[in-house]
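To keep things clear, I will list the structure first and then write my remarks on it.
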Amino acid sequence: MSLPTRYRADSPGAAIAVRGARAGRRLRAALSRAWRAVADTVRPAGWLLAGVAVAGIGLGMPFGWREFVVAGLLAAALLAMSLFFLSGARAYEVALELDGDHVVAGGRIEGRITVRGAGRAVTLPARIDVPVGDGLVDVTVPLLRAGRVYEASFSVPAHRRGVVEVGPAHAVRGDPLGILAREARWDHVHEVYVHPRTTPLLSTNAGLLRDLEGRSSAAITDDDISFHALREYQPGDEQRQIHWKSTARSGQLMVRQYEETRRSSMLVVLALGADEYGADDEFELAVSAAASLGIRGLRDGRDLHVVVSGDVPAFARRSVRSIRSLPALTARTLLDALTAVERDDAINPMTDVAALAAESTSDVSVAFLVCGSTQTARTVQAAALAFPPQVAVVAVVCNPEAEPRLRRLGPISVVSIGLIDDLRQVLSRGAQS
């Protein structure tokens, strides 16, 4: 609600000054909007024609230079005719559809753009641009009558892992000479997750690691699968746990006791340091290996923890350790999270990440350390020492130029791979040896 402005009767000049200032602000705002509209519409060729029109008519008329006048009139005529092509830039309803929202690196996903004539009259041909990641898809829309629909297909290439944004679509209406052009933009954006390549692995119950069923702890419980002993019945005990043979023999109700069996946990530590990999290909291979191991662990029913370094400034690396746990409840959430990881300088090294992960994650039975070729045997051993002796530690060293092999480094299993499919072969060989 606007309130009235009161002026003193003895100050008529103040009222005029205030009204003038307000009118000036409104005029400046209107001129600014008009200038932005003109600047967004006129292309370089249009500015050139405008200059020719002004100079030709402005100089030719006073001095009687007919050639200048003709050139100026022709330029003005071209500008006037170009205005005809600007109508109907927003006379469309545009919808973008994709066949899915995720794809494996190296594949592609199909998309469709549907354009409907929303105006009352015939809409002239136009071009609709659809940004696809760093590229652009051009769709030429023909002449459309009101209510008619035009549909075109396009592909979203997924050359490398990451998140690809598709959209927003925007229509470009302009003359064939590129003098004037007007754009209309639709806000909807699709995100396509380009997942890392993975390879199916043998069950961790059948390979190097055979503790899927969990291990018994020292805690005693009244209901589990690992039998421990018998004790006398106490009020509140479940009748199904009564051991009737012992009860008949002793004359007292006896119930079973069990050792608590804990589900085994699997930890995957992915190194993110820029200096922990020799090249980008090594890092992409490491991400694929971490994804393959994580998916196998989830399918085997393990409690999965996938850990990377948090962001740490270079000046604070010696005093600050930070880790970040990736969502790993399902294979899809894990793959989505791995699409966004990138190697960086502002992180903790793998040894610090492994140490902090070992402290913060309980009941780990197996830990995978995934790194690049620049990590030495001493670095791998230092990272593995962060885990208790009962934890099986496997280092996965990714080097596209290395031969796939499995070797022992003390209590640590070191797997070297050059391709993602090597991971399956090496682990299978380890299962047979």
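With my numbering applied, the sequence shown corresponds to residues 23 to 455, in that order.
From the three backbone atoms N, C-alpha and C, an ideal C-beta is built for every residue, glycine too.
Note that this is a predicted model, so its numbers are computed, not measured.
Hey, how far is the Cα of residue i from the Cα of residue j?
i	j	result
R47	R134	46 Å
V76	E115	39 Å
P433	A408	13 Å
Q412	V402	17 Å
L441	A127	14 Å
L230	R182	The pLDDT assigned to L230 is 47, lower than 50, so where the model puts this residue is not dependable; a value taken from the coordinates is nonetheless given after this. Distance between the alpha carbons of L230 and R182: 31 Å.
L199	V188	29 Å
G78	E132	52 Å
G68	L202	6 Å
L95	G122	54 Å
D374	S177	43 Å
V216	L356	12 Å
D322	L158	42 Å
A97	G73	9 Å
E304	W208	39 Å
G42	L49	10 Å
P190	G155	11 Å
R237	R130	Low confidence applies to R237: its pLDDT is 44, below 50, so where it sits in the model is not reliable, and the reading given next is rough at best. Rounded to the nearest angstrom, the two C-alpha atoms are 44 Å apart.
M288	Y299	24 Å
L71	L100	8 Å
L348	R278	40 Å
R284	V418	For R284, the pLDDT reaches just 49, beneath the cut-off of 50, and the residue's location in the model is therefore unreliable, although a value from the coordinates is still provided. Taking the straight line joining both Cα atoms gives about 26 Å.
H124	A180	10 Å
P257	C420	59 Å
D358	G316	13 Å
D160	V152	7 Å
S268	S225	40 Å
R324	D385	11 Å
I439	T398	15 Å
A350	R451	28 Å
L118	S331	37 Å
R195	Y172	17 Å
P218	T162	34 Å
R429	M372	20 Å
On the premise that residue j lies in contact with residue i, defined as a C-beta separation below 8 Å, what is that separation, rounded to the nearest angstrom?
i	j	result
Y255	L223	Not really, about 47 Å apart at Cβ, beyond 8 Å.
G139	R170	5 Å
H212	L120	5 Å
S387	S286	4 Å
L360	V309	6 Å
V290	A376	So it is not a contact: roughly 11 Å between Cβ atoms.
A379	V329	5 Å
L320	T352	7 Å
R463	L108	The chain is shown only over 23 to 455; residue 463 falls outside these bounds and no answer can be derived.
L391	T221	So it is not a contact: roughly 19 Å between Cβ atoms.
M83	V91	6 Å
V185	A362	6 Å
Where does residue i land, buried or exposed, given buried means 16+ other C-beta within 10 angstroms?
i	result
P147	exposed
A240	The predicted position of A240 is uncertain, since its pLDDT is 47 and thus under 50; a value taken from the coordinates is nonetheless stated next. Exposed is the call here.
V436	buried
D333	exposed
E89	exposed
A54	Looking at the sequence provided, one finds Ser at residue 54 rather than Ala. Under this definition S54 is an exposed residue.
I38	exposed
R58	exposed
H210	exposed
L449	buried
A113	buried
R271	exposed
P410	exposed
Y29	Any reading at Y29 must be qualified, since the residue scores a pLDDT of 48, below 50, and its modelled position is unreliable; the value itself is stated next. Exposed is the call here.
T383	buried
P66	exposed
P175	The sequence shown places Ser at residue 175, rather than the Pro named in the question. Label assigned to S175: exposed.
Per DSSP, residue i is paired with what?
i	result
S225	DSSP, once it has assigned bridges, lists no residue as partnering S225.
S435	V416 and R430
D367	According to DSSP, D367 bridges with nothing at all.
E115	R138
S331	I345
G133	L120 and F176
A389	L289 and V415
Is the shortest distance between the beta-carbon of residue i and the beta-carbons of chain C less than 9 Å?
i	result
H265	Looking for chain C here will not work: only one protein chain is present.
- [ ] Assess, as a yes-or-no matter, whether the stretch 359-368 is touched by the stretch 294-303 under the definition of 3 or more beta carbon pairs within less than 8 Å.
- [x] Yes, they touch.
TODO: Answer yes if the stretch 339-350 comes into contact with the stretch 162-169, meaning at least three C-beta pairs across the two stretches below 8 Å, and no otherwise.
DONE: In this structure the stretch 162-169 does not lie against the stretch 339-350, because fewer than three pairs of beta carbons, one per stretch, are closer than 8 Å.
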